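Per my numbering, the sequence shown starts with residue 39, numbered consecutively.
Glycine included, every Cβ here is placed at the ideal spot set by N, Cα and C.
Since we're looking at a predicted model, the values are computed, not measured.
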Amino acid sequence: KGIEAANGEYIARMDADDRSLPERFKQQVSFLETNSTVHVVGCNVRVIGVNGEYFGDREYSLDERDPETLREEGPQVAHPSVMMRRTSIRTVDGYRTCFKYAQDLDLWIRMARKYGSQFLCVLPQVLFEYRISPQKFGRDQIKEIYAAYAGKADDRDTPLGERIAQTIEQPNKRSRPDMERSMYQFIAGLLLLDQGRRLQAGRRFLF
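What follows is the structure, encoded as structure tokens:
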């Protein structure tokens with residue numbers, strides 16, 4: 039709905055619990071204005087916890103993103119950090135409503151097919167704070183189901199949305215709250231360990 043209502047040249051995303059740093063929009067607009075063949079630009083991110091605690095920075099590959107690599111390795115960009123050309127995403131019909139999750143992967147695959155593997159670029163600067171929470175890890179299983187259908191078209195007999203719904207209705211293991219909290223602490227520990235903050239990481243692993 040936001041894309042349909044927008045009339046500006048660029049559309050910037052972010053989620054309600056994340057934070058854009060002051061230079062984000064300026065640098066992304068500047069990049070798009072000087073790189074006309076790029077349709078989407080993201081940035082490296084600072085990972086923060088539920089209470090805003092700093093866990094480390096996440097850097098993304100600068101490699102090209104062709105459809106098959108995206109399907110195998112995932113988006114390789116923080117979805118909330120991106121700025122996109124409005125006309126470019128409208129040309130490929132934007133996000134598809136049948137994707138409750140993995141809507142970014144589905145959009146990137148279709149954009150890579152349309153514009154080529156250099157359609158997306160990630161700025162090396164950290165311009166965004168990405169918040170992780172136990173609830174985000176609790177959705178991982180259902181996200182994998184949606185991701186398996188990313189970039190696929192409707193077939194003659196069953197619309198894509200119905201095919202996804204049928205898969206979701208099949209019995210699946212549900213993440214328990216304690217498992218979600220454990221995964222949150224584990225990922226936080228890995229990020230802290232990458233920075234050499236061994237004591238803080240150990241406390242997370244022993245949570």
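By the Cβ-count criterion, Pro118 is buried, with 16 or more other Cβ atoms from all chains shown falling within 10 Å of its own Cβ. By DSSP's assignment, Met121 forms a beta bridge with Ala50 and Val79. Annotated as proximal: Met121 and Val79, with beta-carbon spacing under 8 Å. Spanning the alpha carbons of Asp101 and Ala191 requires a straight line of approximately 26 Å.
Buried is the label assigned to Ile86, since at least 16 other Cβ atoms lie within 10 Å of its Cβ. In terms of CA proximity to Leu198, Asp144 leads the group Arg51, Asp144 and Glu111. With respect to the 8 Å criterion, Glu167 and Asp56 are classified as neighbours on the basis of their beta carbons. Of Ala140, Arg128 and Arg124, the smallest CA-CA separation from Glu111 is found for Ala140. If you check the CB distance, Ile206 and Arg128 do not come in under 8 Å. According to the DSSP assignment, Glu61 belongs to no beta strand (DSSP E), since it is labelled neither H nor E.
Within its own chain, the residues whose Cβ lies closer than 7 Å to the Cβ of Gly46, once the five positions on either side in sequence are excluded, are Arg124, listed in chain order.
By the C-beta density criterion, Ala186 is exposed, having fewer than 16 other C-beta atoms within 10 angstroms.
In the pairwise beta carbon analysis, the segment 152-170 is classified as touching the segment 61-71: at least three pairs are separated by under 8 Å. The C-beta distance from Phe157 to Val67 rounds to 17 Å, too long to meet the 8 Å contact threshold.
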